[in-house]
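2 protein chains.
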Amino acid sequence: MRRIPSEKPSSRPEKIDTRVTTNPNFYPIILAGGRGTRFWPLSRKRRAKQLLPLDGKRTMIQQTVSRLLPLAVPKRFWVITNEYLQREIARQLPRLAKAQILAEPVGRNTAPAIGLAAFLLLRKEPGAVIGMFPSDHVIADEDRFRQILREGVQIAAAGENIVVLGIRPTRPETGYGYIEAGSSFEDRAFRVRRFTEKPDAERAAGFLVAGNYFWNSGIFLWSARTLTNALREHLPKAAQVLEQIAAAFGTRQFASTFRKFYPKCENISVDYAILEPRSAKGERDSNIICLSADFGWNDLGSWTALHEHRMAKQQFPDGNLISGQGAFTLNAERNYIHAPQKFVAAVGVKNLVVVDSPDALLITTLEQAQDVGKIVKYLDKKKMSKLV
Amino acid sequence: MRRIPSEKPSSRPEKIDTRVTTNPNFYPIILAGGRGTRFWPLSRKRRAKQLLPLDGKRTMIQQTVSRLLPLAVPKRFWVITNEYLQREIARQLPRLAKAQILAEPVGRNTAPAIGLAAFLLLRKEPGAVIGMFPSDHVIADEDRFRQILREGVQIAAAGENIVVLGIRPTRPETGYGYIEAGSSFEDRAFRVRRFTEKPDAERAAGFLVAGNYFWNSGIFLWSARTLTNALREHLPKAAQVLEQIAAAFGTRQFASTFRKFYPKCENISVDYAILEPRSAKGERDSNIICLSADFGWNDLGSWTALHEHRMAKQQFPDGNLISGQGAFTLNAERNYIHAPQKFVAAVGVKNLVVVDSPDALLITTLEQAQDVGKIVKYLDKKKMSKLV
């Protein structure tokens, strides 16, 4: 049995086991610029998925930072986000200084974001090992998470290795990237043979059967030197721009330099920019290591995933997970209903997702909740900016 | 084609055709003491179904009065309600004096309510003909409605006749009372053979096939003298009490007399108290006349009935009737969604009824919406009085 975090985590600062040795060179970089449109109407441009308390009382980004604090003191963290979210993130993470929360002037996906952090750290701490962490995932076993990270940091610190945490697939998911593992590197670690972005259902089923495929968790570890070298090799234009921005850090020109030059970077993910071309060199030469990460990972991709995740942690009567000021159910089964300000009555309904917010009401099904992003696309197109 | 009232009736006072001759002895009594719990969460103890604008901009009771105004000047109307609703009814019906809106100290069903009106009128206008009208029904063809009422008033004014308006059944409804018509009385009017309260499905189907059965509309016409005599015969104790209360009308003792004595009346409907025992005398001697009323009647018994009624009047895309601050639908069909303050997004849902209110959210199906009353029973039992 995995250790399951309690349903209602305390809002007090988490107790940290100070006996844990923090790695002196480890710097966690939290990527928090996403929108998470599939959690509309709760997720908005100024209150994205990572800033919501979807699983417990603390928000996703608060949980992301808390579970890393035993590995790095607060001043080692960087958060990379956008101008819409910067202020709220600073509010939610009072242990971080405001200068540690960088707002991209425009979103450029993960490669420029983590690249900027790498160039900044290279100047400050040439031996730094960087961990890149999405800010909106849940992790069931946090002790195990930290144990695997410590192993990963050691692998990343030794030479030119790029470490990616891989999750053993449990279903033929078509929404994730897959990692094909090659030869064994060490215990639970493999050389990466190939990356495959979102496969179709047939290929996904094949990967599941094959046994040597992992889901790409989006968590990477590498030294600042390895990452900056990789950027110079695979994304030379962006590398030059990012180096220029990093050189201005701490000066009065930083904000204007950041705003002026960052948009020149390509809009591209780490996976496409570095990992896929690098892996084409062959598993020996690419130095990409997949570390099998069995810590109960879930990226909470939709209301349906959240419903499943919470159901797995705790049984609710008839599968109804209702947040409300009281509730009445009759012939109601497997519904996710979020209307925290209201009394909720559900009569004769099954497999629904209903989410109430002050200005919008979502009514969908567990089956179709992955289409919620289409609502946000519609609202964007119609310029209904108050609702997005 | 019947004349269909426009979707959004003006809130200005309705223009009245003054060429219509009002019947000098006709007094409409509007019964407005019901709760209409199946329209929860919109209907509440202090804002019952009849006070809601369920079909257009004007409320059900405003429409009830408006469609009768060409037949009787405002001072001829009486409204019988309860203390929770009295003030709001007075607000909604500014043409009526406050003294015309009586609040029962306790609900005693229709027999005592209409009986009180009869004893009051007998003192004031011995030749009065009383019409008893529910305050929460819709009528599609109001001209036809008034034409039939004029005929009914004539029948009621002549002798000891009790006139009930009967609706031709269109389905084997088990929720209504049925009237079995006997011999012909005059054009479109029959002597009543028997009343049958809510039959089971098999009997209801038989009534539909037989062809000589009508739904009991709850609209009755009779002279004050006939009604008071019938009460003295069939409900002697209540008749005595009501006569005593009526005698105090206009004096300073009226309020206290009403409050003290009215609760002594039996809690019973006109149908059970008078019509059923009277009809047992045989169709010749009972003098109960059923007038066939083909004016597009609907008692809007549930959210489902309201959805059907509004769909019959106007086509909505995919059968979705959505009140909201804008809406987005995708694979959504035949839903009734009321969230007038919010943007509504419905994705992949069918046959749902969703009603938002400031403190409660209802989620049910068109099929199960008749069970909404059970929610109110639960709330009553749990003494959650703010929600009922």
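Chains as they are written, first to last, in my numbering: chain A, 5 to 392; chain B, 5 to 392. The beta-carbon is built from N, C-alpha and C at its ideal position, and this holds for glycine as well. In this text, all values refer to a predicted model and were calculated from it rather than measured experimentally.
Exercise for review: Please classify SER188/A: does DSSP put it in a helix, a strand, or coil?
Suggested key: strand
Check your understanding: So ARG197/B packs on ALA185/B, CB below 8 angstroms; how close in whole Å?
Key -> 7 angstroms
Check your understanding: Can you tell me whether DSSP reads HIS141/B as helix, strand or coil?
Key -> coil
Check your understanding: Start and end of the beta strand (DSSP E) containing ILE326/B?
Key -> 325–328
Review point. Distance, Cα to Cα, ASN165/B vs ILE159/B?
Key: 7 angstroms
**Study point:** Interface flag, THR368/B vs chain A, CB-CB below 8 angstroms
**Key:** yes
Check your understanding: Which whole runs of the beta strand (DSSP E) in the region 307–369 of chain B are 3 residues long or more, in chain order?
Key -> 325–328, 331–334, 340–343, 347–351, 356–360 and 364–369
Review point. Around the C-beta of ALA259/B, are 16 or more other C-beta atoms found within 10 angstroms, so that it is buried, or is it exposed?
Key: exposed
Review point. Looking only at DSSP bridge pairs, what is ILE171/A linked to?
Key: TRP219/A
Review point. PRO4/A bridges to which residues according to DSSP?
Key: Nothing in the structure corresponds to residue 4/A, since chain A is present only between 5 and 392.
Check your understanding: When you compare only the Cα positions, how much space is there between PHE137/B and CYS294/B?
Key -> 15 angstroms
Review point. Quick one: what's ASN302/A bridged to in DSSP?
Key: VAL142/A
Check your understanding: Between TRP1/A and the rest of its own chain, which residues show a CB-CB distance below 7 angstroms, the 5 nearest in sequence each way excluded?
Key -> In the structure displayed, chain A extends from 5 to 392; residue 1/A sits before or after that span and is not available.
Review point. Is it buried or exposed for ASP191/A, if we count other Cβ within 10 angstroms and need 16 for buried?
Key: exposed
Check your understanding: Are TRP82/A and GLN96/A closer than 8 angstroms when you measure CB to CB?
Key -> no
**Study point:** For THR200/A, the first and last residue of its enclosing beta strand (DSSP E)
**Key:** 193–200
Review point. Chain A beta carbons: is any one of them nearer than 8 angstroms to that of TYR340/B?
Key: no
**Study point:** Under 8 angstroms from the C-beta of ASP322/B: neighbouring residues of chain A
**Key:** Result: empty, since nearest Cβ-Cβ is about 14 angstroms, beyond 8 angstroms.
Review point. To the nearest angstrom, how far is it from the Cα of LYS182/A to the Cα of ASN324/B?
Key: Contrary to the premise, residue 182/A reads as Tyr rather than Lys in this sequence. Rounded to whole angstroms, TYR182/A to ASN324/B spans 41 angstroms at the Cα level.
Check your understanding: Skipping 5 residues on each side, what residues in its chain have a beta carbon closer than 6 angstroms to that of ALA193/A?
Key -> ILE293 and LEU295
Point to revise | Among ALA349/B, PRO362/B and GLY111/B, the one whose alpha carbon lies nearest that of PRO45/A | key: ALA349/B
Exercise for review: Consider the Cβ of GLU371/A: report whether some Cβ of chain B lies at a distance smaller than 8 angstroms.
Suggested key: yes
Review point. In chain order, which continuous runs of the beta strand (DSSP E) of length 3 or greater are located wholly inside the region 70–139 of chain B?
Key: 82–86, 105–108 and 133–138
Practice item. Kindly say whether GLY352/A, judged by its beta-carbon, lies nearer than 8 angstroms to any beta-carbon of chain B. Key: yes
Practice item. Can you give me the Cβ contacts of THR369/B inside the same chain, cut-off strictly under 7 angstroms, excluding the 5 residues immediately before and after it? Key: ASN355, LEU356 and VAL357
Check your understanding: If we ignore side chains and look at the alpha-carbon of each, how far apart do LEU231/B and THR333/B end up?
Key -> 54 angstroms
**Study point:** Neighbourhood of ILE65/A by C-beta distance below 8 angstroms, restricted to the same chain and skipping five residues each side
**Key:** ILE34, ALA36, GLN54, LEU55, VAL83, ILE93, GLN96, LEU97, SER139 and ASP140
Exercise for review: Determine the contact status of PRO116/B and LEU246/B, defining contact as a CB-CB distance below 8 angstroms.
Suggested key: yes
**Study point:** N- and C-terminal bounds of the beta strand (DSSP E) containing ILE293/A
**Key:** 292–296
Exercise for review: Please check if any C-beta of chain A sits within less than 8 angstroms of the C-beta of LYS378/B.
Suggested key: yes
Exercise for review: Spell out the partners DSSP gives TYR182/A in its beta bridges.
Suggested key: THR200/A and TRP219/A
Check your understanding: What in chain B is Cβ-close to LYS346/A, meaning under 7 angstroms?
Key -> ASP363, ALA364 and LEU365
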